[in-house]
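Peer 1: Protein chains in written order, with this note's numbering: chain A, 1 to 111; chain B, 1 to 113.
C-beta atoms are modelled at their ideal positions from N, C-alpha and C, and glycine is treated no differently.
Source: prediction; values computed, not measured.
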Amino acid sequence: ELKVEQNPLFLSMQEGKNYTIYCNYSTTSDRLYWYRQDPGKSLESLFVLLSNGAVKQEGRLMASLDTKARLSTLHITAAVHDLSATYFCAVGNFGNEKLTFGTGTRLTIIP
Amino acid sequence: KAGVTQTPRYLIKTRGQQVTLSCSPISGHRSVSWYQQTPGQGLQFLFEYFSETQRNKGNFPGRFSGRQFSNSRSEMNVSTLELGDSALYLCASSLEAAPGELFFGEGSRLTVL
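What follows is the structure in structure tokens.
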């Protein structure tokens, strides 16, 4: 059974600092997603990573994928308050849209 | 371009009742999947429909069912509601060709009393 673990579960950081969220998954998978969720809201797609070594960046967020280590990271650069949210990684395989989600990382940016 | 639309957004039911939730995918998307989100269990896959056929199913009891219509709209039904069914139910749609992005709706928040 595929398991997806994220750490940390909670992260409180100051504005301007850098930090990384980690996502480990237990079995070989074809694709990895990062989503953002604001309180009471739906999931917003951030990145889709498909191949080993894939790196994608959008603003202050950068995601990478190491399929051999079954590890993805979401790096936050010079955090700003607007990035406060819960971030989820999710893993799936080709041929269907069943995703297994991580537990989520609740990120709070302190001014 | 309209996003994924879910109705109703909020509803309150009592134990033993049943509920039907609706999802209209993004125009052109043929795959619709459903997820349950609770504080305790997180996000869990319920089922996926593609071209009116259930393509995958999660580990939920038979009280949870769904279907997809020819216009790709989907409904899910929960019968004999239990308190533990209180959750945010999220619908997602995607284009036929995976891999692709999954676009989520705003969700239907169900409270069972």
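As a quick exercise: from F47/B, G66/B, R9/B, pick the residue whose alpha carbon is nearest that of N96/A.
Peer 2: Closest option to N96/A, Cα to Cα, is F47/B.
Peer 1: How long is the line joining the alpha carbons of T103/A and V4/A, rounded to whole angstroms?
Peer 2: One C-alpha to the other measures close to 8 Å.
Peer 1: Nearest-angstrom Cα distance between T67/A and T28/A?
Peer 2: One C-alpha to the other measures close to 7 Å.
Peer 1: Give the DSSP-derived three-state secondary structure of L83/B in the structure shown.
Peer 2: It is helical.
Peer 1: What does a CB cutoff of less than 6 Å around N7/A pick up in its chain, not counting 5 residues either side in sequence?
Peer 2: If we look at N7/A and ignore the five residues flanking it on each side, its Cβ neighbours are Y22.
Peer 1: Since S31/B and F50/B are thought to touch, with beta carbons under 8 Å apart, how far apart are those beta carbons, to the nearest angstrom?
Peer 2: About 5 Å separates the two Cβ atoms, so the contact holds.
Peer 1: Taking 9 Å as the CB-CB limit, is L99/A close to chain B?
Peer 2: For L99/A, the answer is yes, since a Cβ of chain B falls inside 9 Å of its Cβ.
Peer 1: Residues in its own chain within less than 6 Å of M62/A by CB, not counting five upstream and five downstream?
Peer 2: Counting only Cβ-Cβ distances below 6 Å, and skipping sequence neighbours, we find H75.
Peer 1: Listed in chain order, which residues of the stretch 74-88 of chain A have Cβ atoms closer than 9 Å to some Cβ of chain B?
Peer 2: Within the stretch 74-88 of chain A, the qualifying residues are F88.
Peer 1: Alpha carbon to alpha carbon, how far is Q37/A from L43/A? Give it in angstroms, no decimals.
Peer 2: Near 5 Å, if we compare the C-alpha coordinates of Q37/A and L43/A.
Peer 1: Taking Cβ positions, are L11/B and C91/B nearer each other than 9 Å?
Peer 2: Not closer than 9 Å, so no.
Peer 1: Quick check on D30/A: does DSSP put it in helix, strand or coil?
Peer 2: Here D30/A sits in coil by DSSP.
Peer 1: For H81/A, which of helix, strand or coil comes out of DSSP?
Peer 2: Note: H81/A maps to helix in three-state DSSP.
Peer 1: Below 9 Å between beta carbons: does that hold for F47/A and L43/B?
Peer 2: In this structure, L43/B does not lie closer than 9 Å to F47/A by Cβ.
Peer 1: Which partner residues of V4/B appear in the DSSP bridge assignment?
Peer 2: Answer is none; V4/B lacks a bridge partner.
Peer 1: Figure out for me which residue from N24/A, G16/A, L2/A has the closest Cα to the Cα of R70/A.
Peer 2: Cα-wise, what sits closest to R70/A is N24/A.
Peer 1: State yes or no: is the C-beta of L107/A nearer than 8 Å to some heavy atom of the ligand COA?
Peer 2: Ligands displayed in this structure: none; no statement on the ligand COA is therefore possible.
Peer 1: Under 9 Å between C-beta atoms, does S72/A make it to chain B?
Peer 2: No, no contact with chain B.
Peer 1: Helix, strand or coil, according to DSSP, for F94/A in the structure here?
Peer 2: F94/A: coil per DSSP, three-state reduction.
Peer 1: Would you decide whether L9/A is buried or exposed? Buried here means 16 or more other CB atoms lie within 10 Å of its CB.
Peer 2: Exposed, because fewer than 16 other Cβ atoms sit within 10 Å of the Cβ of L9/A.
Peer 1: How many angstroms separate the CA atom of T38/B from the CA atom of P61/B?
Peer 2: Straight-line Cα distance between these residues: approximately 16 Å.
Peer 1: Using a Cβ cut-off of 9 Å, which residues of the stretch 48-68 of chain B contact any Cβ in chain A, in chain order?
Peer 2: Listed in sequence order: E48, F50, R55, N56, K57, G58.
Peer 1: Between which two residues does the beta strand (DSSP E) holding I76/A run?
Peer 2: Per DSSP, I76/A belongs to the beta strand (DSSP E) from 71-76.
Peer 1: Using a Cβ-Cβ distance under 9 Å, would L42/B count as near chain A?
Peer 2: It is Gly, not Leu, that sits at residue 42/B in the sequence shown. Yes, contact with chain A.
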